[in-house]
Amino acid sequence: MAEPVWLVRPSRDGGCDYVRFLPTLETVEVREGSHLPPQMPLLKRRQWVQRAEAEAQSRHLQQEGGYRFSEPLF
Numbered sequence: 327m328a329e330p331v332w333l334v335r336p337s338r339d340g341g342c343d344y345v346r347f348l349p350t351l352e353t354v355e356v357r358e359g360s361h362l363p364p365q366m367p368l369l370k371r372r373q374w375v376q377r378a379e380a381e382a383q384s385r386h387l388q389q390e391g392g393y394r395f396s397e398p399l400f
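Following the numbering used here from start to finish, the sequence shown increments by one per residue and tops out at 400.
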């Protein structure tokens with residue numbers, strides 16, 4: 327994972343849930359939240375994980391969580 331990755335899925339309120347993977351030099355910052363325009367995005371969780379763990383988490387979210395790749399939301 328060398329580039330930032332956005333995963334998005336629709337939420338019940340008409341907005342979307344998102345997970346953003348932002349690679350740094352040694353780890354990957356993972357931000358989970360929700361967004362209902364025109365409101366500000368809500369950050370629910372933020373963590374730093376190793377690259378291998380981030381890639382596994384991304385695959386799991388796509389296979390089991392209903393997330394899909396997306397252009398940046400904001």
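From the three backbone atoms N, C-alpha and C, an ideal C-beta is built for every residue, glycine too.
Note that this is a predicted model, so its numbers are computed, not measured.
Where residue i falls, given that 16 or more other Cβ within 10 Å makes a residue buried
{"i": "R372", "result": "exposed"}
{"i": "A380", "result": "buried"}
{"i": "S384", "result": "buried"}
{"i": "L387", "result": "buried"}
{"i": "L333", "result": "buried"}
Close-in-space but distant-in-sequence residues of the same chain around residue i (CB under 7 Å, 5 per side omitted)
{"i": "P336", "result": "C342"}
{"i": "D339", "result": "L362"}
Beta-carbon gap between residue i and residue j smaller than 7 Å
{"i": "P330", "j": "L348", "result": "yes"}
Spatial neighbours of residue i in its chain, beta-carbon cut-off 6 Å, leaving aside the 5 residues before and after
{"i": "E358", "result": "V345, K370, R371"}
{"i": "G392", "result": "R335"}
For residue i, the nearest candidate out of the options (CA to CA)
{"i": "R377", "options": "L399, V356, V334, D339", "result": "V356"}
What residue ranges within the segment 334-378 form continuous beta strand (DSSP E) runs of no fewer than 3 residues, ordered along the chain?
342-349, 354-361, 368-375
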